[in-house]
Every structure is written in structure tokens, then in C-alpha cells.
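So the sequence lines, in the order shown, correspond to chains E and Z. All residue numbers for the first sequence refer to full-length UniProt numbering, where the first residue is 1 and numbers rise by one. All residue numbers for the second sequence refer to full-length UniProt numbering, where the first residue is 1 and numbers rise by one. We put the beta carbon where it would ideally sit given N, CA and C, even for glycine.
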Amino acid sequence: MEYEKGYVFQPKDTRPAKKRKTESQGLHASWQLRKKAYEEAWQIQNSRIEDALASIHSKALEDVTTYLNEIVETPLPSRIPTGIVLSGPGSASSNSLSSRVASSVQSHKRRLYVTLDSGSAPHLKAVLKVLIQKATASVAEDEDDDELATISRKGPRLLNYDLQILYEYVRDRNIEQVVVSFPDTEALGSALLSELLELLHSWLDRIPFVCLFNVATSVDFLQQRLSRGAVRCLNGRLFDAAPSSAEAQLVFSAIAHPDARLWVGPTLLASALERQSDYIQSIDELVDIVQYAYMSCYYANALSIFLDPSVKSDSIPADHFEALRNLDSSKAFVESMIENGNTTRARDLLESNDNLLAEVQEQMAHGKASLTKMTTALDVVRTIQDTLPNTPTSLKSNLFIQAMTCKLRGSAMMRTMLLSVRKAQSDVAAALMGSVCAADIADDIKEDITSLKGQLAELVAGSTAKSQPLRSEDDIGSSTVRTTVVAQKVHLSKQKSQLSKQDAAYTEILRKFSDHLEAYFDSSFIDPQSLPFHEIFIYDHKSPHREVFTPRPRHAVERALTSPHDYLDCDCCAPEKGEDGEATLSSTQPAAAVLYQLYLESGNLINVSDLWQAFQAVMGGEKEEGDLMVLFQRALAELRYLGMVKSTRKRADHVAKVAWRGL
Amino acid sequence: MAKRQREGDEVGNTPTPKKARRAVFEDEVTDTTAETPSKRKSILRGTPTKANGTRDAGPTPTPLKKVLFSTPNKHQSEDEIGLDTPTAARNDRSARRKSAKALRAPVADEYSDVEEDATDARIAAEILDSEDEDGDDSAEETIGVSHTSKAPDTPSKTGRPRGRPKGKRRERTPTPPPDLPPHETYFFQNRAGANKTSTNSLPSNILLNHDNFRTHIEAYQDPHELDIRRLQNLHHRGFDQWVFELEQGFNICLYGYGSKRSLAMSFAEHLYHQSEKPPKIIVINGYTPGLTIRDILTTVAAQTLPKSTKPPAQPAALLDLTMSTLTTRPTPLTLVIHSLDHPNLRKSQPLLARLAAHASISLLATCDTPNYALLWPLTQARQFRFLHHDATTFAPYAAELDPVEDVNALLGRSGRRLGGKDGVAYVLRSLPENARNLFRILVAEQLALADGEGFPTTTAPSGGLDSDVESLLGASDEEAALQDTPSRRGRKGRPPKTKASKPKPVAVAASAPEGVEYRTLYHKAVEEFVCSSEVNFRTLLKEFHDHQMVEARKDAMGTERLSVPFGREELEGVLEELV
């Protein structure tokens, strides 16, 4: 079988195809239960993300579709109608605008949608072939009766890159629009693109072409690349698609949705978002990372069974409760309960599973509520930043990461923000209060702020100088610094400028307001690590994600070859004590490892004869030459297969070194 | 500025024995005391501006003053050279010398203060001299002309040994300095410098052939067998997880050292047994020689397309058809591709990515090379949707590799499909007389050629170390030759005399043809009545090509050359058998 090119797998052992009964042990026993819970949880989350992404593109999508509809109604344009979608990098992802446009166009019977990506287009002929083939293939499936018409066409057989084929197809089926989309415009050769456009233009009177360009850079750049003739063929309109960073923020807010069963922790999220902005620019990967976080949590964390709010205590195996009691946060929780004198309750939790389950669910609901409160507070922070003049609005994801790692509370950013609130003028302050009240915050604070707002309104209404807003005492503009020279000494005296009574009252209100805000933020930004049972509903492990999404295969291979003991864990190859951790050559190591380490010591060209002799010396001389040669040959072939050496014709019996370690 | 002079000489290549220098020096000094003044005047006054071809006239006046004061010698000598060998100086193409010149000129020009200028110029000259010292030390005697007194002139020169201390240059330390960033590590490991390897060559019979290899490998007992099995069992624990990941629409990529074939197969087994109804699993052996994307696609299409449809021939069309069929009638398929990064499949990654992106196809692929991730640009990587797992197994690449052939190919002993001399003999036995004769001519010619050019190289006195026996065929790469020649001349700084007297072995090696010219061989063949026409000749050659007994290559001039890809000993053996 191993020498066949491809085959359908048949199992070797002829066990009955019945499901092998693998009674999983221990905590893994609840896997089927958790899997069901996972599917449910992820489905909800996924649809939330989908909705978010759909909403961000809905406007642009509508614009494009109406544009396409308009074109259908205008008869015979002189130039190719062209939609240019400015989408920024990473637009080729499956969730992007272009794919949505595609699906909306394809829903029309009388329209064709063809995607021409750079991979299929080495030259004009190939592009045309692809274009014709895709266009004619796309509807043929469900209209079987029309197939005869194409076959029974009279006349000479046409070459498969002749647009005449497409023309006949379009004419036969009354196609009213052929949309040609270029998802990666920049990757297409400019000469090719220009040629293609001019050709399409010459067929425009017979085939109703429409072009859609996805532009990651700028329109100017596109125009520069096209020939003048090609530009003259186009009649473009510009559409703005949401950039992928906006998409990322949307996906993030879907992740941190109050109803989310599982919260993705800050370290994981930070690394994912960083990777997103630095390397990938594709929203799918971010979604994948979140999905994998869900998968890992439900698969590897047996306690995730408690995430399902409807779970019953009799369906949970007993050892899960034991595991739950051994959680760090749960121990701390019970201890604090005993300290507070609530010993009976603590005993209940330790002894009765039912009580524990109820408590866990209550505490988790409480924990999630506090996390939700935190995210609302983040929203409040952002609205305040929005309203305040001269304050940049932070990204919600950044704020979230800071808050989850307890870095937001008392941070410089927060202090400056509160300070600028105190300095705000009355019109800004009124707007601030209004927006804070509109936010979804706790009722008591809301009441306080509403009353403050009322006071402020009264004050402003009673103010004499209506044209000018009231100023706060803390505002720098309301105090002057006076310099006086007395006996050759300079005195700096700060003097409050004369404040009207209204201003003083206003300052009072403003101070109260900022105090309220501060208290609110302090109560909202809790330490998530202090929540009981936070291990269950916050998933924050970097470990499987890093290896799974950003593997380091080169490092793995090098490590396997330089210190095989790390993998094999054998007694013979253990690095000697006293060495500084560096593995040493020994005859017990696998041949390829020995050869690789010899290889590392050599220069760019390696004399195989010398290598063989060194190998022989390392592997021990008492063995027969042939026995060693087998290993040598095999190891050398492996090195070649791994792309470490290649043959060279510079010297006889030499090989060239291709890979260097540790890069 | 003695060096200008020296350079002139170097360019002119006048052989000057080193030893003689001191003596000449003394002589010159003594007898110039009387002569110099007049000579000096004449030079300086007569030609102040056109003194030096390449240099602007600016600096010359200052040295003129200087002559009167402290250090006249240097500047004077400089001008003198300008007269002596103007062409040499002008035609001096060395960038380093030019930049040195450019450096020096403004130094002399800028300062108005004569004293200061003089010392500055001297310092600069000394610095530059000391830099250039290792260049060439010939023609020192001409400097002497200008020396009025030799004592204070260049004290540093005499005190120091000439040239860069031997061996101090670029010491190769085996251990890199710690904590280098990756790119620096690269340059450290890849730095230029002597790459001394011996000229030992493997005896031709030491490499095992297939039969011997098989007997030995079957007899071999791996001491790590248990550990390897344990490692594999460790990976088996991940199977449930992998099943889950595949179910969730991800694809899996296994990487790490060791053959992952058996691991992937036991996963397939696991997958087969754990699911309710037996899934369709298609296994592709990516390492099979001659595997193409079409083979994969037809295998997949055979499982998906209804029997009645005739699959299109083009891979892209086939893929499209398969995908659309899968969309309309979804049949879950699991694809196991061994060695996805094998050279066979490297060009067809886009198609595979599209296939893998389909919802009803799950892919478990294994990758062996350490840099496999570079195969995929972002969009393809997205389509693959891989989760990577480290599956280092340490298992031998039994199915993937043919060590005997690979090593032969690696060492350029490509008796590839043939099994060396015996194989050739076997093939020749089944060929007609004429073909055998042609092969004999070819081998003989090749041997003669190898002898012809091997001769001067091996007899050359010192070049032998590197360039001897360039290869058994005398097949020396142009590249290698080019690399060798300049470096040797520059680095070792041999006296030009020996260089001139020595025949240029490397140059000979560089022009050494590799293999026999097509035309020559044809004419020889016609002469010996092996064939009568070129068509005839070609048919004979084709047989050899088919058996890979002959390799054709175009050399730098574009002429086609034929060679038999064997070592010298084997060639001789073949020739003996044929004659």
C-alpha cells in the first residue's frame, strides 16, 4: 500500500465495524456531555459573530447591489461599468465583502458572477479560458434543458478562449449582467489587466460586462498600473468597505458579549489581536482562534461541564465535583466563607454535591455579571472619551485586555480622563452626563447622576450669560499666575480669577460627578482572578494555541536531531551531568542525530568521506563497516530529504550545507 | 606616500624580490643626497598641475612648500610617480585605492597651515599605508629616490611586521557568541572564510547497493525501538482530540522529525473504528515518485463523482467538478496525505488548498521538511485551515526514501536507476553492436578528456591542494574555479614572480569541458562507421538516455555536451569490458 499513489483506506484488522467500546476513564468520561455543551455554546457564539460581520458589511453590500441593479437598467453603456471596492488588506477572506457580493449576485438567475484571482491568470489566454469556463459552468447545473441548446450550436468549433462562446451563452440565456470580480487586483500583472480590460471593452456591446475591483491599496495606484487605453474603458464608482481592524473590533465585542458562556482571557486575546494586526489581517483566523479556545476549554477542561446552565447534578460524575472542590479559587472561596463564620454553608458545599452545584452556578452567574459590568464600564469610558474634546478614544479590545489584567484601574489614562472631566465646561459636562446616563449602568449611580444633571440644567438655565458656558474652577483657564518681584525675589502667586457664583456651583456639581464616576469605575474594574470559579468560565491559556496556530517545525526538527533524548526519553542518550545542558554526541543516539550534529560542526562544504570517517569514529569501531554504512547512508538520505544538504558539483564527494541551526 | 608608487608597480607587475629591498634602499639613500634637490625642483616646477593623471591639481602646491620644510620626501615621491608611470596610476581601477586617494587629497588640501598639514598628511599616509601594507611590498626601492633622510620618516613601518599578522585574520571560533539574534546567527554560521575540506574521496565500493542495503537494514536492530514505540503511543493519546478537531472543520498538519506514515495510518484506523458508519478515507502517498495532482484528484473524484460522468482531463476542471458535486451531494471524505510538502506536490498546493477548504473534506496531512510553512501564502494557509501538531516519531523514513539512490544522487554518482557498472553492462549486452561501440567511444573520449585536463592541475606546484582532481571526470564547475582564483591571489599575497612563473592551473580547470562535445562524438562515430547519419546517431543516443547512462548538458558556450555519469574507476571498468 505504501507504494501506491492513492487508494481508499481499508482497515487492517477485521474487527467488526461496530463501534469500539472505549470506556473512557476519569474526568474524560464526561466528554460526550461536554461535546454537546460545546456544540451548543459555539453555535450561539458563532452566529453572534456572523451577525456582527454581516452587519458591518451590510451598508457597503447594499450600495454595491443597488449599483449593479442600476447598471442593468441603463442600456448599453459606452464604458465598462466598474465598482471599485476599497477594502484594505486581508479582503480575500471568506467573510469579506466580495464573497457577500458574490452570493447576492449568484442568487439572480439572469446574472453571472465570475471571480478571477491572480493564481489562475498567468497570461491573457488562460484568463479568458477561466473566465469563459467559470461563466458558462455556473448556471449549467440547474438548467438541464438548456444544455442541448449549446450543444446543437451550428458553425465551426470555437477555441476555448474565444469570447464568442460566452456571447452565445449570454444570448441564449438572456443573461443581463456578467460580473467579473478581481479579488486581488494588486496581484494581477498590470499589462495583463490592461489587455483584459480593453478586450472586455470591445465585447461590451454584445456581453454586458461589469467589473468589480477589490483594491487593497488605493485607486491612484490602480490607475497608475493600468494603461491609458484601459483606463479609458472604465467607468468607475468607489465603495468603501470596512477595514479588517474594524471587523476585528466587532468580532471582539461579539466575543465579550454578556451572554457568552465562556470568556476568552486577556493574554490569549492580546496575542491573537496582535497577530491579527501585525501579520494576518484576516478575520477568519481570529474567529478560528476563538473557536479553538472554545474547543480546548470544553475538550481539556473537565469542569467545563458546569458551564451549561441547565446541567443536572445526577448527570455529572462524582469525581468532577471532587475536582471542582480542589480548584484554587474554590478553596479560597470556602476558606473565606469559614473566616466569615459561615461554617454551615461551607460544610454543605464540601459535603453535598447538589449544594455545590447550586453554589457554582450562582457564583458563575455572579462572576459573569461582574465581567459584564466591567465591559459596560469600558463602554462608559469610551463614551466619555468620545465626548471630551482632545481625548483619543481607545479601542475597546485594548481597554478590555487592560481591565482583565487589572491594569486599567488607577492607570494614567484613567486619571487623565477624570481630570479632564473636572475641567470640562458646562456644555461638555451636560453631554457627558447625558451619555453616561444613557449607558447601561447600575441604578443607584444613574440616579445620582441624573439628579446632578438636573441641577446642572437648572444652573445653566438660571445663568445670566447664556452665550458662554460655565467654567470649572479646576480649569487652568480660570486661574492666572502672577509674578511679583519683592526684594529681588520672585514670587509666583496663583490667583483664581474671579468666579461667578454659578461657576462655583458648577464646580461643585462637576466634582460630585467625577467622584461618582471614579467610584463607579473602581467598583467595576474588579480583578477577574479573584472571582470564585473563574478557572471555569475564563479561558486564558496560551499554550495549545501557540503551538497549533504558529508552529515552529524547524525548531522541532532541530531539537529532535540535536537532543533526541528530549523526545525519546531513553536512558542511554541522557545528557551527561555536569554539561551545561548541551547535548553531546554519543554512539547511542539515532544515526541521523549523530550525523546532524557532525554536520553542524562543518562549514559550507562537507566532505562526505570525512563525514563518514567521523561518523564511524563516533558510532564505535567494533561494528562491521557495512552495518554502519547502512545507518550512514540512511541518515544522509534523511538529511537530504529534510533539506539540510544538497549535492554540489564544486568538489568531488562533497555536499553543500543548506540549513543553519537556530535561525 | 610611498604606496602610490608601489601600486603603480604592482599594476605593472614588475617582479621585485622582497629581500633586495633593504639593500637597494640603502644605496638610494646614499646617492640621492646629492642628486635629489635638482631632480626635485625640476619635477615640481616643471609640472605642477599635470603631475598626476587622476588627481586634481589642487593639492600639489602645498607639498611644494612642504619640501622646503620638514617632510618633503613623501609628496615629492608622489609627484615623481606621476611622471614615472602616469598610465599605471590613471588606469588604476582598484576602488579601495581610489577611495584612499580621495581621502588623502582633501586632507592635504584643506589646511592652510603648512606645519599642521604636513603632520596631518603624514598621519593620514601612515594610517593608509598601514592599511595597505599587506597589498604588496614590492618596488620599495623607488621610494628611496626621494628619501633625504631615512630615520624619522616612517618609524612605524620598520617597527612592525609587515602585513596583517598571519592567522590573526578572521579566526573561526567554533562556538558562536551567546544571544545572537537569528539573522546574526545566520551570518555567523555562514561567514566567509577558508572552508578547508580535505580531498579524501569515498572509495567507490563502500556505498552499499540495494541488495546489500536491504540485507543490512533487515539485520539492524534499533536500540531505540521501545522508545520510539512509546513516543508513538504518546501521539496515539491525541487521536480523540484530532477526531474532534477534524469534526469541527479544521484540518490537521503533523510535523516533526521521523516518518509519520504509520502514525497517520493508525489514526486512520482509529477514525475508521470509532465512527458509527465506516467513513470514506482516501490515502495519498505524496512521496511516490511521479505522483501528480491529477492522480490525487482522480482518486478523490472516483469516490465522489457518479459513475456515469466522464471526468475532465484538466486538473483544475476536475477539481471544479469534484467540488461542485460535493456541494450538491455532500459526502464526507477524509483525506490522508502523506508528505504534503514533497517536491511532487509543491506546485499543486493551490489546488490542494481549494480541495481542503471544502466543507465536506477533512484533511490530515504530514509534512517532513522543517520549512514547510513557507509553502503557503496567506490565502492558501487560510484555505487549509490547519491545526499543527508536533508529531516527532523518530521512525525511519522507510517508504518515503530510497537511501541508496538518494545518497548516490547526492554525491553525483548517479548510476541512478541502473545500479552502477553492472547495470550498464547489462543494458549494453542487450543493445546492438553499434550502440556498444558508440558507448565505448563516448567513455574513451570522456576518459581522455579527463586525463587531458587533469594533468596540469595535478602537476601544478601548489594549486593542487584545492583544485586537483576536481572531480573524477575532471568536471570542475566554472563557479568553483571562479571562486578559487581571485581569492587565492588576493588572500595569500604571494610575490608576483612565482605567480607569473606558475602556469595557471585553475584557469585550465575552468575551461575544462565537462563531457564530450556532441559534434565531436558524432564525427568520431561516423569515422568509426558506427552510424551513418545524425538521425541514426540520435536513435542510438536515445537508448542511452532512456537508461540514464548518458547525461546531456549545455555548457556556458551553449554547446551540447554528453557525459556518462560515473566515476573514473567505473568508467575504466566499463571500458575494459567493452574492449
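Cβ neighbours of residue i in the same chain (closer than 7 Å, five flanking residues each side left out)
i	result
alanine 439 of chain E	Thr376, Asp379, Val380 and Thr383
tyrosine 257 of chain Z	Thr392 and Phe394
valine 564 of chain Z	Leu442, Val443, Gln446, Met549, Val550 and Leu571
threonine 369 of chain Z	Asp341
leucine 297 of chain Z	Pro315, Leu318, Leu319 and Thr322
serine 435 of chain E	Thr383 and Thr387
lysine 124 of chain E	Here the sequence assigns leucine to residue 124 of chain E, which means lysine is not the residue at that position. Counting only Cβ-Cβ distances below 7 Å, and skipping sequence neighbours, we find Leu192, Glu195 and Leu196.
aspartate 348 of chain E	Asn355
Residue span of the alpha helix (DSSP H) that contains residue i, given as start and end
i	result
tyrosine 292 of chain E	283 to 300
alanine 6 of chain E	Sequence check: residue 6 of chain E is glycine here, not alanine. From DSSP, glycine 6 of chain E is part of no alpha helix (DSSP H) but of the beta strand (DSSP E) over 6 to 8.
lysine 423 of chain E	No alpha helix (DSSP H) holds lysine 423 of chain E; DSSP gives it neither H nor E.
glutamate 572 of chain Z	568 to 578
valine 605 of chain E	At residue 605 of chain E the sequence reads leucine, which differs from the valine that was named. Element bounds for leucine 605 of chain E: not the alpha helix (DSSP H) but the beta strand (DSSP E), 605 to 607.
residue 664 of chain E	Past the boundaries of the shown model lies residue 664 of chain E; chain E is included only from 1 to 663, so the question cannot be answered.
Neighbourhood of residue i by C-beta, 6 Å cutoff - its chain only, sequence neighbours within 5 removed
i	result
lysine 19 of chain Z	Note on lysine 19 of chain Z: pLDDT 46, under 50, position unreliable in the model; the coordinate value appears next. Hits under 6 Å: none found.
lysine 554 of chain Z	Glu560
arginine 225 of chain E	Ser190
phenylalanine 333 of chain E	Pro532
tyrosine 3 of chain E	none
methionine 433 of chain E	Ile449 and Lys453
glutamate 353 of chain E	Sequence check: residue 353 of chain E is asparagine here, not glutamate. Contacts found: Ser313 and Phe321.
Beta-carbon neighbours of residue i, restricted to chain E and to distances below 8 Å
i	result
phenylalanine 213 of chain Z	Val630 and Gln633
threonine 288 of chain Z	Tyr3, Glu4 and Lys5
DSSP bridge partner residues for residue i (one or two, in chain order)
i	result
phenylalanine 209 of chain E	E:Val178
aspartate 240 of chain E	E:Leu86
histidine 389 of chain Z	Z:Leu254
tyrosine 539 of chain E	E:Val264
valine 215 of chain E	E:Leu86
serine 647 of chain E	E:Val655
isoleucine 281 of chain Z	Z:Thr334
First and last residue of the uninterrupted beta strand (DSSP E) at residue i
i	result
serine 362 of chain Z	361 to 366
serine 397 of chain E	No beta strand (DSSP E) contains serine 397 of chain E, which is instead part of the alpha helix (DSSP H) from 396 to 404.
aspartate 563 of chain Z	What sits at residue 563 of chain Z in the sequence shown is serine, not aspartate. Per DSSP, serine 563 of chain Z belongs to the beta strand (DSSP E) from 560 to 563.
threonine 520 of chain Z	From DSSP, threonine 520 of chain Z is part of no beta strand (DSSP E) but of the alpha helix (DSSP H) over 518 to 527.
alanine 552 of chain Z	551 to 554
Heavy atom of the ligand GDP within 8 Å of residue i beta-carbon
i	result
threonine 387 of chain E	For the ligand GDP, the structure offers nothing, since it holds no ligand at all.
Close beta carbons around residue i, own chain, < 8 Å, minus the five adjacent residues each side
i	result
histidine 534 of chain E	Ser329, Gly367 and Pro528
leucine 628 of chain E	Phe615, Gln616 and Met619
arginine 20 of chain E	Below a pLDDT of 50, predicted positions are generally treated as unreliable, and arginine 20 of chain E, at 49, falls in that range; the measurement from the model is reported next regardless. For arginine 20 of chain E, where only same-chain residues beyond five positions count, there are no Cβ hits under 8 Å.
Neighbour list for residue i in chain E, Cβ cutoff strictly below 7 Å
i	result
valine 404 of chain Z	Gln633
alanine 268 of chain Z	Phe9
Contacts that residue i makes with chain E (C-beta to C-beta distance below 9 Å)
i	result
asparagine 233 of chain Z	None at all; the shortest Cβ gap to chain E is about 12 Å.
residue 593 of chain Z	Outside the shown range of chain Z (1 to 579) lies residue 593 of chain Z, about which nothing can therefore be said.
valine 407 of chain Z	Val608, Phe632, Gln633, Arg634, Leu636, Ala637 and Arg640
serine 362 of chain Z	Within 9 Å Cβ-Cβ: nothing; serine 362 of chain Z doesn't reach chain E, min ~13 Å.
threonine 299 of chain Z	Lys5, Gly6, Tyr7 and Val8
Residue-chain proximity (residue i, chain C), Cβ-Cβ < 9 Å
i	result
alanine 614 of chain E	No chain C appears in this structure, whose protein chains are E and Z.
Proximal chain Z residues relative to residue i, where beta-carbon distance stays under 8 Å
i	result
aspartate 354 of chain E	By Cβ distance, chain Z contributes nothing, its closest Cβ being about 31 Å from aspartate 354 of chain E, past 8 Å.
Three or more C-beta pairs below 8 Å linking the stretch 217 to 236 of chain Z and the stretch 564 to 571 of chain E: Pairwise C-beta distances place the stretch 217 to 236 of chain Z in contact with the stretch 564 to 571 of chain E, as three or more of them are shorter than 8 Å.
Three CB pairs or more closer than 8 Å across the stretch 265 to 281 of chain E and the stretch 99 to 118 of chain E: At 8 Å Cβ cutoff, the stretches do not touch.
Segment contact, 8 Å Cβ cut-off, at least three pairs: the stretch 623 to 634 of chain E with the stretch 555 to 566 of chain E: Using a C-beta cut-off of 8 Å, the stretch 623 to 634 of chain E makes no contact with the stretch 555 to 566 of chain E, since fewer than three inter-stretch Cβ pairs fall below that distance.
At least 3 beta-carbon pairs within less than 8 Å: the stretch 329 to 337 of chain Z vs the stretch 276 to 291 of chain Z: Yes, the stretch 329 to 337 of chain Z is in contact with the stretch 276 to 291 of chain Z.
Meets three-Cβ-pair contact criterion under 8 Å: the stretch 504 to 522 of chain E and the stretch 438 to 458 of chain E: Taking 8 Å as the limit for Cβ pairs, the verdict is that the stretch 438 to 458 of chain E does touch the stretch 504 to 522 of chain E.
Given 8 Å, three or more beta-carbon pairs between the stretch 284 to 302 of chain E and the stretch 542 to 556 of chain E: Judged by Cβ distances under 8 Å, the stretch 284 to 302 of chain E makes contact with the stretch 542 to 556 of chain E, as three or more pairs qualify.
Segment contact flag, the stretch 337 to 344 of chain E with the stretch 218 to 237 of chain E, C-beta cutoff 8 Å, min 3 pairs: Between the stretch 337 to 344 of chain E and the stretch 218 to 237 of chain E, the count of C-beta pairs closer than 8 Å stays below three; the two stretches do not touch.
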